[in-house]
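Those sequence lines, one after another, are chains A and B.
When the letters of the first sequence are read in order and numbered with our numbering, they come out as residues -10 to 55.
When the letters of the second sequence are read in order and numbered with our numbering, they come out as residues 301 to 466.
Glycine is no exception: its CB is placed at the ideal position from the N, C-alpha and C atoms.
As the structure is a prediction and not an experimental result, all values here were calculated from the model.
Let me begin by presenting the structure, written as structure tokens, before commenting on it.
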Amino acid sequence: MNLPGRRRKVTSAILVYVLLLLSLQIFLVTVAAEGFLDGDATLAWSATAVSVILALIAALFYRYLR
Amino acid sequence: MPEPEVPIWQRDFPITAAGEDDITRREFTRYLVLASGAFAASGALMSLWASLRKVETGTLTAIVELEDLPVGGSHLFSYPSPRDPAILVRVEPQLVLGFSQKCTHLGCVVFWSGEDQHFECPCHEGFFNLEGRPIAGPPERPLARIEVDIRDGMVWALGVEQGPHA
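See the structure below:
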């Protein structure tokens, strides 16, 4: 495969990974909101911790692209 | 021989079609990563707020004379603050239950249906049983319970129950 084609595939693959991570984060935000409304700070913090990890992974993917 | 003139649009936007694909995908990924950071930050904000906020639990307050509350009937009052609607239900002659009237779905005011023996939220048809637990409709969390006691023929509110799913 030529280089531009390969790069485009890598970019698309990373885009899909980041989209997947983001969709998980949307779910985690609803969990955090549920914990917030329920007065359950432990649940909110747990969801936030996982969300931060996913954000870091997304940032690493983006760093790989640059 | 003169060089062919470059169109104006190409001077302003000197990106080839193949490169354009790469750049737009990369840019889109950057926005997604920024959104990802925003989601994480919003979660942290909610968690911090949940940890720091002080929940008003109320003080000992006389609500109503027991004889003014018929068995199977309900009484509306405000607790713990005048902005918090609450409801009392006399289930048995010596058993009175107290709940916040705020529906746990979107905060509408629930009412007591004596015939069906349940609380009903008219906004989105949410239903709660006698213990305040959701039995139908969109609400997933129970109504906040208010501890009540009968002392010398008077119903007193002692405080709002705390903790998850209170």
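So the candidates are L352(B), I446(B), P439(B) and M346(B); which of them puts its Cα closest to the Cα of V469(B)? This structure gives no information on residue 469(B), because the portion of chain B shown stretches from 301 to 466.
Rank T316(B), R311(B), A340(B) and R325(B) by C-alpha distance to the C-alpha of L13(A) and give the top, closest one. In the first sequence, counting from the first residue as 1, residue 13(A) sits at position 24. For L13(A), the nearest C-alpha among the options comes from A340(B).
Following the continuous beta strand (DSSP E) through F313(B), name the residue where it begins and the one where it ends. As a position in the second sequence, residue 313(B) is number 13, starting the count at 1. F313(B) -> no beta strand (DSSP E), and no H or E assigned at all.
Could you please tell me which residues of the segment 322 to 342 of chain B, in chain order, have their CB closer than 7 Å to any CB of chain A? D322, R325, R326, F328, T329, R330, L332, V333, A335, S336, G337, F339, A340 and S342
Counting C-beta neighbours from all protein chains within 10 Å, is the total for A309(B) 16 or more, i.e. buried, or is it exposed? The residue labelled residue 309(B) in the question sits at position 9 within the second sequence. Note that residue 309(B) is Trp in the sequence shown, not Ala. W309(B) should be labelled exposed.
Listed by chain order, chain B residues near S1(A) by CB distance under 7 Å: Walking along the first sequence from the start, residue 1(A) turns up at place 12. Neighbours of S1(A) on chain B, chain order: R325.
Go ahead and label A466(B) buried or exposed: buried means 16 or more other beta carbons lie within 10 angstroms of its beta carbon, across all protein chains shown. If you number the second sequence from 1, residue 466(B) lands on position 166. For A466(B), the predicted structure reports a pLDDT of 45, less than 50, and the residue's modelled location is therefore unreliable. A value from the coordinates is still provided. Buried, because 16 or more other Cβ atoms sit within 10 Å of the Cβ of A466(B).
In the structure shown, what three-state DSSP assignment does K402(B) receive? Against the second sequence, residue 402(B) aligns to sequence position 102. Correct three-state label for K402(B): strand.
Distance, Cα to Cα, R326(B) vs F16(A)? Locating residue 326(B) in the second sequence gives position 26, where the first residue counts as 1. Locating residue 16(A) in the first sequence gives position 27, where the first residue counts as 1. Each residue's Cα considered, the two are about 24 Å apart.
What's the call for H375(B), buried or exposed, on a 16-neighbour Cβ count within 10 Å? As a working mapping, residue 375(B) is identified with position 75 in the second sequence. Buried: at least 16 other Cβ atoms inside 10 Å.
According to the neighbour-count rule (16 or more other Cβ atoms, all chains shown, within 10 Å of its Cβ), is S60(A) buried or exposed? What is shown of chain A runs -10 to 55, which leaves residue 60(A) out entirely.
For P370(B), I'd like the list of residues in its chain whose CB is within less than 8 Å of its CB, leaving aside the five on either flank, ordered along the chain. Counting from 1 along the second sequence, the entry for residue 370(B) is found at position 70. Here the set comprises R390.
Any contact of the segment 409 to 427 of chain B with the segment 377 to 389 of chain B, i.e. 3+ C-beta pairs under 8 Å? yes
Measure the Cβ-Cβ separation of T329(B) and Y53(A) and say whether it is below 8 Å. Locating residue 329(B) in the second sequence gives position 29, counting from the first residue. Locating residue 53(A) in the first sequence gives position 64, counting from the first residue. In this structure, Y53(A) does not lie closer than 8 Å to T329(B) by Cβ.
State yes or no: is the beta carbon of S362(B) nearer than 8 Å to at least one beta carbon in chain A? Here residue 362(B) corresponds to residue number 62 of the second sequence, with the count starting at 1. In the sequence on display, residue 362(B) carries Ala and not Ser. Not one chain A Cβ lies under 8 Å of A362(B).
Any beta carbon of chain A sitting closer than 8 Å to that of A457(B)? By one-based count along the second sequence, residue 457(B) stands at place 157. Taking Cβ atoms only, chain A never reaches closer than 8 Å to A457(B), which makes this a no.
Could you check which residue in A457(B), P422(B) and H405(B) has the C-alpha nearest to that of D27(A)? Residue 27(A) sits at position 38 when you count from the first residue of the first sequence. Closest option to D27(A), Cα to Cα, is H405(B).
For a quick check, are the C-beta atoms of A21(A) and T31(A) less than 8 Å apart? Walking along the first sequence from the start, residue 21(A) turns up at place 32. Walking along the first sequence from the start, residue 31(A) turns up at place 42. Not a contact, by the Cβ cut-off of 8 Å.
Less than 8 Å between the beta carbons of V7(A) and A47(A), yes or no? Counting from one through the first sequence, the residue named residue 7(A) turns up at place 18. Counting from one through the first sequence, the residue named residue 47(A) turns up at place 58. Yes, they are a contact pair.
Chain-order list of residues whose beta-carbon lies under 7 Å from that of G373(B) (same chain, five-residue window excluded): Start at 1 with the first residue of the second sequence, and residue 373(B) comes out as number 73. Once the five neighbours on either side are set aside, the close Cβ partners of G373(B) are R390 and G414.
Figure out for me which residue from L43(A), I3(A), E23(A) and R(-3)(A) has the closest Cα to the Cα of G337(B). What you label residue 337(B) is simply residue 37 of the second sequence in a count that begins at 1. Among L43(A), I3(A), E23(A) and R(-3)(A), the Cα nearest to that of G337(B) is on L43(A).
According to the Cβ coordinates, are C264(B) and G432(B) closer than 8 Å? Here chain B covers residues 301 to 466 and nothing more, so residue 264(B) does not appear.
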